[in-house]
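Accompanying notes for the structure given below.
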Amino acid sequence: MTDTTTGLTGTGGSDPSVPAVELVGITKRFGGIVACDQVDLTLHRGRIHGILGENGAGKSTLMKVLIGLVLPDVGSVRIDGWPRTIHDPLAAASLGIAMVHQHFSLVDQLSVWENVALGEEGRLKSAGVRDRVVAISQQYGLEIDPDARVGELTAGLRQRVEIIKCLRRDPHILVFDEPTSVLTPEESEQLFGTLREVVAAEGRAVVLVSHKLDEVLHATDEITIMRQGRVVDHRPTHEADARSLARAMVGREVSLRSERAAFGLAEVEEADGESQESDVGSLADIDEATDVDAEDRRPAETTKPDEPVMRIEGASVRGRGGARLLDDISLDLRAGEIVGVAGVEGNGQRTLGDLLSSLVPLDAGRVVVNHEAVPTGSPGAMAKAGVAVIPEDRHDSGVVLDMTVAENLLMVDPHRVARNGVMDKARTAETAQQMIEEFDIGCSGPDAPLWSLSGGNQQRVVLARELAAEPEVLVAAQPTRGLDVGAIEYMTDRLRQTAIDGVAVLLISSELEEILELADRIVVMSRGRIVGELSHAEANLETLGMLMGGSSG
Amino acid sequence: MTRGARLTEWVALYALSVAVALALASVIVEATGGDWWPVVEALVDGSIMAPGRWGGTLGIAAPLLLVALGTVISSKAGLINIGQEGQLLIGAAVAVYFSFRIGGPGPLNVVVLLLFGALGGAAWASISGLLRYWRGVPEVLSTLLLVFVALQAVGYGLKWQWLLLADEASRGNRNLVSEQLAKDNRIPRPDIFGNEFPITVYVAVALALAVAYVLARTVWGFRLRMLGHNPRAAQRAGVSSTVYGASALAIGGAFAGLAGAAMFAGGGFSFGNYRLVPGFSDNIGWTGLLVALLARERALPAVVAAFVFAGLRNGAGFVNSTGVQSRITDVVQGLLVLALLVPPAVVFLRDRRRARAAATERV
């Protein structure tokens, strides 16, 4: 963690001692919520500035101010010492500010160079753009084929395209928003190498927005920590360690494993004596607190029932145009165990979730629950067979936003509160109220429309409903995505408890730490196939990462 | 927002919207050399004030309401059925066909006739259901296009005596008319305070209550709404879009068909007079669709909306007698319809924007 204030070959030729960006006293309110509260931020050329904070801490809003998507209520913006008002993203671009968004804005059907040229005006010279793409990719070691179709690229390569798109405009200030959420560990590593180079060689100012501690510790020169819309701490990275950062971020001591997982602090040491300290040395002191909750060792390890509750046998699904979304997948699930499905997003996990939600029929293979083959793609068949699902995108198939909390809680089994096909009002309200209390769902009552709930509470509605059906199998797809620390903790505890209660849990997640923490057994998916299976003991970040990148196939 | 505030807002929106429409209408009427006040008076007189008029308005409101109820059901399932005009006409034709062949005593024949009307409309709408769930043809296209097929089919049926055409003795010198329904086979039209209207009015209002209840309280209605709001969540929860969607379309058609049969047997329309004739449907299907839109696809508000549209339609007859050109009165009527549709649209757009904002804020 050395300080890298080197190589100030400033692109704009301006005085290097003047900060590239100064945000002073930025305040932004949305309705009654203060997203940013008198936030100051200074970015210097040639430095990578990490912005750390939980979901909802105000990081995104602050960045939106910088790139002109949000106008602050109060506060000023200075670029290279000059006061500026950034009304829209075009203005930001003309000031040399560019952002690589968490979600890609690429056109799958177009080639790499066409995507890079998107938004260009006037006549398009394909040769020129191609050369430029090649030049940039060589300069920064972002190797890519300019003629490749974007839809066929892996997430890591797509992100390269996004980065090249940004660099082509030669920005002085580059913002990365949660850039590693779709990358394998190896790809993240590469990305940070590139960033380092961009900064060192050309004196650009880089912002890295993240909620992962190790990544910020690893890749930045200084760190600003935000909590509830305020800057709570700011320090050079070499003076920071994981524990104090976590404390600053959450506002209290962090000891629970689930929380550690949320910040990307993996318990890599658990893998039989192998030393994985390659990345972040400062993790060591946190790991002292690792085995706090050793008492909830999973029962599956001691009493391993042999009969699988659910078998997926040779399951294959083809998408439009014959793409193999699922390719000959076989998987057994036993009662009381948590099986993790790891993999970079977009490698068939969504289809697997859809399959177990009765949303997709199989082209080959079958799904057997309790010795009985379940018809795939047939409405409600999986739910009836005892497969509960917390879907990856709850708005897609998990909840109905325009219905009430009570209605959402009773979606799968309305007959529970019905007599002769008529739903009993009193029983509906009563049942819903019970579930609201049991799962501590924050809402104004059973009749509140679902859209009025926060994401974490919507997720609790899904969880409550699915567990109320007393399932044999619980499929949890990205169950903690977009939730804050408290909600993550709740969700992980619930999943663990569900397994202890004898339900087979299938945890589909792209957060490796979550999987390493919870799963007894881990399978890795890549391009619709299962490319490896590891026991909890065998698994660590490195082996998983290699499998995820497809290096075994 | 509280209930009271919401109500005030609605009233204000309607008042503003109607006022703007009336102002525009007055400008148009005056500019073309007419007087606008008599037009307004005629509209009010013709719809409710003049003796015997509100009975006529109710008579028109009944089929409008029936059509709208069917529309409410299919749209709750997330389907866009815009073929009510055709479904209504086919329903009427099927009712006519079976009514004269089955015969039977009066009241029984009326029931049979209404039943076959509903069946006919359901069958016609089910063609769209079949195309939608078997071949993936969007129902918005198929229902619309089947309107024109229905018009032609009924026109064809009225050319042949073995289908719908009356025998020569009873049709006189007219072509393309069906037999006239015998007096004792008609829907009763009791006289109340000098206003007479068919008892289908009661039936329609009772059905509106039933539809509201079924949608709000039964498991079937719950699952239908689920399908309409989020088909994927519904599919996971065991709602078959094929079964529920196709039923919703069929029921929608049945209501339109029932409306057609009730128009035939209930009388009160300017032409037809207990006979099936070309153009029999007389835009009741289209207007019923508007009624459902105005009621924002809810059954109980549809009762009020149906009455308002029926009043406009019935009053238009009086406006024609003010000496203002009939084209101009058509424009006036169109403006008023538009004025009624604007507030729901405004509120809908605003609610949706708020919901989206709330959703994105909470991601």
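Protein chains in written order, with the numbering used here: chain A, 1 to 553; chain B, 554 to 916.
Virtual Cβ for every residue (Gly too), placed ideally from N, Cα, C.
Values in this document were obtained by computation on a predicted structure and should not be read as measured data.
Residue burial classification, residue i (beta-carbon count within 10 angstroms, cutoff 16)
{"i": "A/ALA294", "result": "Here A/ALA294 scores only 39 on pLDDT, less than 50, and its place in the model should not be relied on; the value that follows carries that caveat. Burial call: exposed."}
{"i": "A/ARG319", "result": "In the sequence as presented, Arg is not what sits at residue 319 of chain A; that position holds Gly. With fewer than 16 other Cβ atoms within 10 Å, it is exposed."}
{"i": "A/GLY229", "result": "buried"}
{"i": "B/THR795", "result": "exposed"}
{"i": "B/GLN640", "result": "buried"}
{"i": "B/ALA561", "result": "It is Thr, not Ala, that sits at residue 561 of chain B in the sequence shown. So B/THR561 ends up on the exposed side."}
{"i": "B/ALA572", "result": "exposed"}
{"i": "B/ALA565", "result": "exposed"}
{"i": "A/ALA364", "result": "exposed"}
{"i": "A/LYS212", "result": "buried"}
{"i": "A/PHE192", "result": "buried"}
{"i": "B/SER874", "result": "exposed"}
{"i": "A/THR303", "result": "With a pLDDT of 46 at A/THR303, under the threshold of 50, the modelled position of that residue is not reliable, and no figure is offered here."}
{"i": "A/GLU267", "result": "Residue placement at A/GLU267 is poorly supported in this model, since its pLDDT is 41, which falls under 50; the coordinates still yield a value, given next. That one is buried."}
{"i": "A/HIS172", "result": "buried"}
{"i": "B/VAL580", "result": "exposed"}
{"i": "B/PHE746", "result": "exposed"}
Beta-carbon spacing of residue i, residue j below 9 Å
{"i": "A/SER316", "j": "A/LEU362", "result": "yes"}
{"i": "B/GLY813", "j": "B/PHE833", "result": "yes"}
{"i": "B/MET779", "j": "B/ALA765", "result": "no"}
{"i": "A/MET226", "j": "A/ALA57", "result": "yes"}
{"i": "A/ALA20", "j": "A/LEU43", "result": "yes"}
{"i": "A/LEU183", "j": "A/VAL150", "result": "no"}
{"i": "A/SER509", "j": "A/GLY346", "result": "no"}
{"i": "A/LEU69", "j": "A/PRO83", "result": "no"}
{"i": "A/ARG334", "j": "A/VAL360", "result": "no"}
{"i": "A/GLN433", "j": "A/GLY445", "result": "yes"}
{"i": "A/THR224", "j": "A/LEU41", "result": "yes"}
{"i": "B/SER681", "j": "B/GLY636", "result": "yes"}
{"i": "B/ARG559", "j": "B/GLY868", "result": "no"}
{"i": "A/GLU22", "j": "A/GLY81", "result": "yes"}
{"i": "B/VAL524", "j": "B/LEU829", "result": "The structure shown does not extend to residue 524 of chain B, since chain B is modelled only from 554 to 916, so the question has no answer here."}
{"i": "A/VAL231", "j": "A/LEU174", "result": "no"}
{"i": "A/VAL250", "j": "A/GLU533", "result": "no"}
{"i": "B/GLN788", "j": "A/PRO379", "result": "yes"}
{"i": "A/VAL199", "j": "A/GLY50", "result": "no"}
{"i": "A/PHE176", "j": "A/LEU153", "result": "no"}
Partners in chain B for residue i, counting only beta-carbon separations shorter than 7 Å
{"i": "A/LYS384", "result": "GLY791"}
{"i": "A/LEU518", "result": "Near A/LEU518 there are no residues of chain B at all, since even the closest Cβ is about 24 Å away, more than 7 Å."}
{"i": "A/ASP402", "result": "HIS782"}
Bridge partners - residue i, DSSP secondary structure assignment
{"i": "A/PRO308", "result": "A/ARG334"}
{"i": "B/ASN748", "result": "B/ILE745"}
{"i": "A/ASN177", "result": "According to the sequence as given, residue 177 of chain A is Asp; it is not Asn. Note: A/ASP177 sits in a beta bridge opposite A/VAL209."}
{"i": "A/GLU533", "result": "A/VAL523"}
{"i": "A/THR224", "result": "A/ILE51 and A/HIS234"}
{"i": "B/GLY670", "result": "The partner list for B/GLY670 (beta bridge, DSSP) is empty, contrary to what the question assumes."}
{"i": "A/ILE79", "result": "A/VAL21 and A/TRP82"}
{"i": "A/SER111", "result": "A/ARG149"}
{"i": "A/LEU36", "result": "Residue 36 of chain A is actually Cys in this sequence, not Leu. Answer is A/LYS28."}
Contacts of residue i in chain E (Cβ-Cβ under 9 Å)
{"i": "A/ASP396", "result": "Judged by its chain identifiers, the structure shown contains no chain E, and its protein chains are A and B."}
8 Å Cβ cut-off: residues of chain B touching residue i
{"i": "A/PRO185", "result": "Per Cβ cutoff of 8 Å: no residues; A/PRO185 is ~26 Å from chain B at best."}
Contact test: residue i Cβ vs the ligand NAP heavy atom, cutoff 8 Å
{"i": "B/LEU575", "result": "The ligand NAP is not among the ligands present in this structure, which contains no ligands whatsoever."}
Residue i: contacting residues in chain A (beta-carbon distance under 7 Å)
{"i": "B/VAL772", "result": "PRO414, HIS415, ALA418, GLY421 and MET423"}
{"i": "B/PHE901", "result": "Going along chain A, no residue has its Cβ under 7 Å from B/PHE901, so there is no contact; the nearest lies around 12 Å."}
{"i": "B/MET816", "result": "Those do not exist, as B/MET816 stays about 32 Å from chain A at its closest Cβ, beyond 7 Å."}
Per-residue contacts from residue i into chain B (C-beta, under 9 Å)
{"i": "A/LEU359", "result": "ARG785, GLN788 and ARG789"}
Contact set between residue i and chain A, taken where Cβ atoms lie within less than 8 Å
{"i": "B/MET602", "result": "Those do not exist, as B/MET602 stays about 41 Å from chain A at its closest Cβ, beyond 8 Å."}
Quiz item: Is it a yes or a no for the segment 71-84 of chain A touching the segment 17-30 of chain A, going by three-plus beta-carbon pairs under 8 Å?
Solution: yes
Practice problem: Decide if the segment 105-122 of chain A is in contact with the segment 156-170 of chain A; the criterion is three or more beta carbon pairs, one per stretch, under 8 Å apart. | Solution: yes
Quiz item: Given 8 Å as the limit, is there contact between the segment 729-740 of chain B and the segment 642-659 of chain B, that is, 3 or more CB pairs closer than that?
Solution: yes
Quiz prompt | Inter-stretch contact at 8 Å, needing at least 3 Cβ pairs: the segment 827-847 of chain B / the segment 660-668 of chain B | solution = no
Practice problem: Evaluate the contact criterion for the segment 352-369 of chain A versus the segment 462-470 of chain A: three or more CB pairs, one atom per stretch, below 8 Å. | Solution: no
Exercise. Assess, as a yes-or-no matter, whether the segment 194-213 of chain A is touched by the segment 124-137 of chain A under the definition of 3 or more beta carbon pairs within less than 8 Å.
Key: no
Quiz item: At a cut of 8 Å, does the segment 492-500 of chain A reach the segment 521-537 of chain A through at least three beta carbon pairs?
Solution: no
Quiz prompt | Three or more C-beta pairs below 8 Å linking the segment 880-889 of chain B and the segment 609-623 of chain B | solution = no
Quiz prompt | Sufficient close CB pairs (3 or more, under 8 Å) joining the segment 454-465 of chain A to the segment 475-489 of chain A | solution = yes
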